[in-house]
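**Q**
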Amino acid sequence: MIEVDSLSRSYGTRKALDSISFQVPTGSVTGFLGPNGAGKTTTLRVLTSWLLPDPGTLRVTVDGIDLLRQPQRACRRVGALLEMLPLPGELRVIEFLSARARLKGVPAAKVLSEVQRVLEEVDASEASRRIIDTLSQGYRQRIGLADALLGDPPVLLLDEPTRGLDPRQISLFRGLIDRLRGHHTIVLSSHVLGEVEQICDRVCMISAGKVCLDEDRKAWTQRLESAGTIRVELAETHPDVETQLSSIEGVREVRSDGDGWIVSADRDVCHLIGDLARQQNWVLSQLRTDPATLESLFLQLTGPGEAS
Amino acid sequence: MMRVVILARRELLSLFVSPVAWTITFVFLLVMGVTFHLSLLAVDGDLKQLVAATYSGLVFWFMMLMLPPLISMRSVAEEKRSGSLEMLITTGISDTQVVVGKWLSTWCFFLFLWVCLLPLWSLLTTVGQVDWGVLMSAHLGVALIGAGFCASGILASTLTSHPLASAGLATAINLGLFLVHWLSFLYQPGDLQLRWVEHFSAVHHIRDELTRGIVDLRVIIWWSSFTFLMLFLSTKVLERRRW
Numbered sequence: 069m070i071e072v073d074s075l076s077r078s079y080g081t082r083k084a085l086d087s088i089s090f091q092v093p094t095g096s097v098t099g100f101l102g103p104n105g106a107g108k109t110t111t112l113r114v115l116t117s118w119l120l121p122d123p124g125t126l127r128v129t130v131d132g133i134d135l136l137r138q139p140q141r142a143c144r145r146v147g148a149l150l151e152m153l154p155l156p157g158e159l160r161v162i163e164f165l166s167a168r169a170r171l172k173g174v175p176a177a178k179v180l181s182e183v184q185r186v187l188e189e190v191d192a193s194e195a196s197r198r199i200i201d202t203l204s205q206g207y208r209q210r211i212g213l214a215d216a217l218l219g220d221p222p223v224l225l226l227d228e229p230t231r232g233l234d235p236r237q238i239s240l241f242r243g244l245i246d247r248l249r250g251h252h253t254i255v256l257s258s259h260v261l262g263e264v265e266q267i268c269d270r271v272c273m274i275s276a277g278k279v280c281l282d283e284d285r286k287a288w289t290q291r292l293e294s295a296g297t298i299r300v301e302l303a304e305t306h307p308d309v310e311t312q313l314s315s316i317e318g319v320r321e322v323r324s325d326g327d328g329w330i331v332s333a334d335r336d337v338c339h340l341i342g343d344l345a346r347q348q349n350w351v352l353s354q355l356r357t358d359p360a361t362l363e364s365l366f367l368q369l370t371g372p373g374e375a376s
Numbered sequence: 027m028m029r030v031v032i033l034a035r036r037e038l039l040s041l042f043v044s045p046v047a048w049t050i051t052f053v054f055l056l057v058m059g060v061t062f063h064l065s066l067l068a069v070d071g072d073l074k075q076l077v078a079a080t081y082s083g084l085v086f087w088f089m090m091l092m093l094p095p096l097i098s099m100r101s102v103a104e105e106k107r108s109g110s111l112e113m114l115i116t117t118g119i120s121d122t123q124v125v126v127g128k129w130l131s132t133w134c135f136f137l138f139l140w141v142c143l144l145p146l147w148s149l150l151t152t153v154g155q156v157d158w159g160v161l162m163s164a165h166l167g168v169a170l171i172g173a174g175f176c177a178s179g180i181l182a183s184t185l186t187s188h189p190l191a192s193a194g195l196a197t198a199i200n201l202g203l204f205l206v207h208w209l210s211f212l213y214q215p216g217d218l219q220l221r222w223v224e225h226f227s228a229v230h231h232i233r234d235e236l237t238r239g240i241v242d243l244r245v246i247i248w249w250s251s252f253t254f255l256m257l258f259l260s261t262k263v264l265e266r267r268r269w
């Protein structure tokens, strides 16, 4: 479990994180979202002990260990895949991973089997003897992922884990996350919102250094359902369509875009619109539900000016 | 301690799989081999003077001043620039362990170079008598002063992200410790105000003591303290990024 309570971090006078609080439950996969510059990387850097939080931060714990008091011990419970993946190009994959395993405290006798295990997990066993400089971006990403899995840490922080992977590898990555789900606490920072929507149990969205959404799948799905719209187009013109649509119970807003009407409602009112059309003898040329997506929610919550 | 050794081993592996280490070793052995030969001619075959002639000449000091900055310049600076230092920290290793591990690998490579010269001395034992005691005390000096110079190289490397700037800065620090010796020449007979400078002089320690077989505890304490100070400062500089 990760617990963050009133975490602040400034760079000089600029506040990158402004007293953010969130929790990542044990065994869950949490999508960590936000526009560039929102503070995602800063948060991950605090969680890996690379940066210290500002004074005033109440609590940051990783797997029950207080990061402010025991940063090294807490850090050993974390496997991190960094966004910038600086691998030593002159070493072979097995040499690099073996050294990393030893640094992470894997006993010498178990290093080779551990390296083989993580390479199999990320489907990169065939690259074990290759020099890192000769690897493609996809392979490098998988080696970074293998490094994060070394020592089987209970907490995984993955920053853009599928960058550079081909569709088959992305599918394998999802399978890997499914296998890890329940046993590991995973934070997945990504700009690929469709991926987050598919994989994650929770979403934590930050914008301009503040948490603007922290919900589990059920809550955010409900939010998306209620944020969806229905598009109505008629074959012929009729007066008072907008007023009639607005009178339907549950409809919040009706807008016309010239060709038709966009209905926002608290729940699914498609069948009620169908009933109304029959009563009014309207010929519907289109009645379509446009569900809200995480992307539309992201754009709505983070806003156009928030990224800076 | 284990993490320090593991890190140092990984650093040495990275160094030796690249051509840099082998190029430095080749150039070092070539230059020192020629110096050795010229020193042998200069002392006219007197092996007892050969240690002092080889280990206090200009080429020797050039190697002592230039090698540690060249070996250590990439150790932290390059990692800071590429971001791999952050990756290293995610293993749970402390800043002190990083600094000591990097220094240890640098120092080990530096010692490896000087140890490579020992077969030349062994060869000389077939034609004459080498004073191994003096030779060992001279090598002790090389190891002690090398430890300090390697540590100043690590400090310089933590202060910048550019390896060349790091090498320049480290050379300047080492040069200061080298040139401090000439400061003591300014004192007049009877005026002992500047005499204390000799206690910090690498040249004085090597030329007047260690290559004569004199091992003074003060020399060991001074260079060990200097090394410790440089490593302590390096750790503090590295920790600064967290604030």
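In order, the protein sequences belong to chains A and B. The opening residue of the first sequence carries number 69 in our numbering; numbering runs sequentially from there. The opening residue of the second sequence carries number 27 in our numbering; numbering runs sequentially from there. Ideal Cβ positions, reconstructed from N, Cα and C, are used throughout, including at glycine. Small disclaimer: the values here were computed from a predicted structure and weren't measured.
1. Where does residue 147 of chain A sit, in a helix, a strand or coil, going by DSSP?
2. If you draw a straight line from the alpha carbon of residue 328 of chain A to that of residue 288 of chain A, how long is it in whole angstroms?
3. Can you give me the start and stop residues for the beta strand (DSSP E) that residue 198 of chain A sits inside?
4. Just curious, the beta strand (DSSP E) that residue 299 of chain A is in, first and last residue?
5. On a CA-only basis, which of A/356, A/344, A/151 and A/286 is nearest residue 312 of chain A? Give me that one, please.
6. In angstroms, rounded to a whole number, what distance separates the CA positions of residue 164 of chain A and residue 185 of chain A?
7. Mind checking residue 376 of chain A: buried by the 16 CB within 10 Å criterion, or exposed?
8. What does residue 178 of chain A reach in chain B if we use C-beta pairs closer than 8 Å?
9. Residues in the region 189-209 of chain A with C-beta within 9 Å of chain B's C-beta atoms, listed in sequence order?
10. Would you list, in chain order, the members of the region 114-138 of chain A that have their beta-carbon closer than 7 Å to a beta-carbon of chain B?
11. Does the beta-carbon distance from residue 175 of chain B to residue 90 of chain B come in below 8 Å?
12. Can you look up residue 129 of chain B in the DSSP assignment and give me helix, strand or coil?
13. Distance cutoff 8 Å, beta carbons only. Does residue 50 of chain B sit that close to anything in chain A?
14. Curious, which full-length alpha helix (DSSP H) runs of at least 4 residues does the region 206-262 of chain A contain?
15. Check whether chain A comes within 8 Å of residue 208 of chain B, counting only Cβ atoms and requiring the distance to be less than that.
16. Below 8 Å between beta carbons: does that hold for residue 256 of chain B and residue 180 of chain B?
17. Whose C-beta lies closer than 6 Å to the C-beta of residue 264 of chain A among residues of the same chain, with five residues either side of it excluded?
18. Since residue 355 of chain A and residue 341 of chain A are thought to touch, with beta carbons under 8 Å apart, how far apart are those beta carbons, to the nearest angstrom?
19. Which of the three DSSP states, helix, strand or coil, is assigned to residue 376 of chain A?
20. Compare the C-beta of residue 172 of chain A against all C-beta atoms of chain B and say whether one is closer than 8 Å.
21. Measuring straight from C-alpha to C-alpha, what distance separates residue 64 of chain B and residue 206 of chain B?
22. For residue 248 of chain B and chain A, any beta-carbon pair shorter than 8 Å?
23. Let me know if residue 370 of chain A comes out buried or exposed under the rule of 16 or more other beta-carbons within 10 Å of its beta-carbon.
24. Bridge partners for residue 333 of chain A per DSSP, in chain order?
25. Compare the beta carbon distance of residue 224 of chain A and residue 214 of chain A with 8 Å and say whether it is the shorter of the two.
26. For residue 90 of chain A, which residues from the same chain have a beta carbon less than 6 Å from its beta carbon, with the 5 sequence-adjacent residues on both sides left out?
27. Identify, in the order they occur along the chain, each residue of the same chain with its Cβ nearer than 8 Å to the Cβ of residue 190 of chain B, setting aside the five sequence neighbours on each side.
28. Strictly under 8 Å for the Cβ-Cβ distance: is residue 92 of chain A near chain B by that measure?
29. For residue 274 of chain A, which of helix, strand or coil comes out of DSSP?
30. Interface residues of chain B around residue 144 of chain A at Cβ under 7 Å?
31. Is the region 231-244 of chain B close to the region 160-168 of chain B, with three or more CB pairs under 8 Å?
32. Quick one: what's got a C-beta closer than 8 Å to residue 320 of chain A's C-beta in the same chain, skipping five residues either side?
33. Between residue 159 of chain A and residue 39 of chain B, is the Cβ-Cβ spacing less than 8 Å?
34. Using the Cα positions of residue 127 of chain A and residue 120 of chain A, report the straight-line distance between them to the nearest angstrom.
35. On a CA-only basis, which of A/239, A/297, A/276 and A/187 is nearest residue 323 of chain A? Give me that one, please.
36. For residue 158 of chain A, go through chain B and note every residue whose CB falls closer than 8 Å to its CB, in chain order.
**A** Result, derived from the coordinates:
1. Note: residue 147 of chain A maps to strand in three-state DSSP.
2. In this structure, the alpha-carbon of residue 328 of chain A lies about 29 Å from that of residue 288 of chain A.
3. Segment: none, residue 198 of chain A is in no beta strand (DSSP E) and carries neither H nor E.
4. Secondary structure note for residue 299 of chain A: its beta strand (DSSP E) is the uninterrupted segment 297-302.
5. Relative to residue 312 of chain A, the option among A/356, A/344, A/151 and A/286 whose CA is nearest is A/344.
6. Roughly 15 Å between the two C-alpha positions.
7. Because residue 376 of chain A sits at a pLDDT of 36, beneath the cut-off of 50, its placement in the model cannot be relied upon, and the following sentence gives the value as read from the coordinates. Flag for residue 376 of chain A reads exposed.
8. Residues of chain B passing the Cβ test: none, with the nearest at roughly 14 Å.
9. Under the 9 Å Cβ criterion, the region 189-209 of chain A contributes 199.
10. Among the residues of the region 114-138 of chain A, those with a Cβ less than 7 Å away from any Cβ of chain B are 116, 117, 118, 119 and 120, in the order of the chain.
11. The answer is yes: Cβ separation under 8 Å.
12. The three-state reading of DSSP puts residue 129 of chain B in helix, counting H, G and I together.
13. Chain A, which has no Cβ nearer than 8 Å to the Cβ of residue 50 of chain B, makes this no.
14. Segments of the alpha helix (DSSP H) lying fully in the region 206-262 of chain A: 235-248.
15. No, residue 208 of chain B does not count as interfacial toward chain A.
16. At the C-beta level, residue 256 of chain B and residue 180 of chain B come within 8 Å of one another.
17. The residues are 99 and 258.
18. The Cβ separation is near 6 Å, so the contact holds.
19. Its pLDDT being 36, under 50, residue 376 of chain A is placed unreliably in this model, and the coordinates cannot settle the point.
20. Using a CB distance cut-off of 8 Å, residue 172 of chain A counts as an interface residue toward chain B.
21. Approximately 28 Å between the Cα atoms of the pair.
22. No, because no Cβ of chain A sits closer than 8 Å to the Cβ of residue 248 of chain B.
23. Under this definition residue 370 of chain A is a buried residue.
24. Under DSSP, residue 333 of chain A forms a beta bridge with A/319.
25. In this structure, residue 214 of chain A does not lie closer than 8 Å to residue 224 of chain A by Cβ.
26. Excluding sequence neighbours, residue 90 of chain A sits near 72, 272, 279 and 282.
27. Excluding five sequence positions before and after residue 190 of chain B, the CB atoms of its chain that fall closer than 8 Å to its own CB belong to 99, given in chain order.
28. Contact with chain B is absent for residue 92 of chain A, since none of that chain's Cβ atoms lies less than 8 Å from the residue's Cβ.
29. It is a strand residue.
30. Residues of chain B passing the Cβ test: 118.
31. The answer is yes - the region 160-168 of chain B touches the region 231-244 of chain B, with three or more Cβ pairs under 8 Å.
32. Answer for residue 320 of chain A: 332, 333 and 334, listed in chain order.
33. When the beta-carbon positions are compared, residue 159 of chain A and residue 39 of chain B come within less than 8 Å of each other.
34. Taking C-alpha positions only, residue 127 of chain A is separated from residue 120 of chain A by approximately 12 Å.
35. The alpha carbon of residue 323 of chain A has as its nearest neighbour, out of A/239, A/297, A/276 and A/187, the alpha carbon of A/297.
36. Those are 40, 43 and 44, listed as they occur along chain B.
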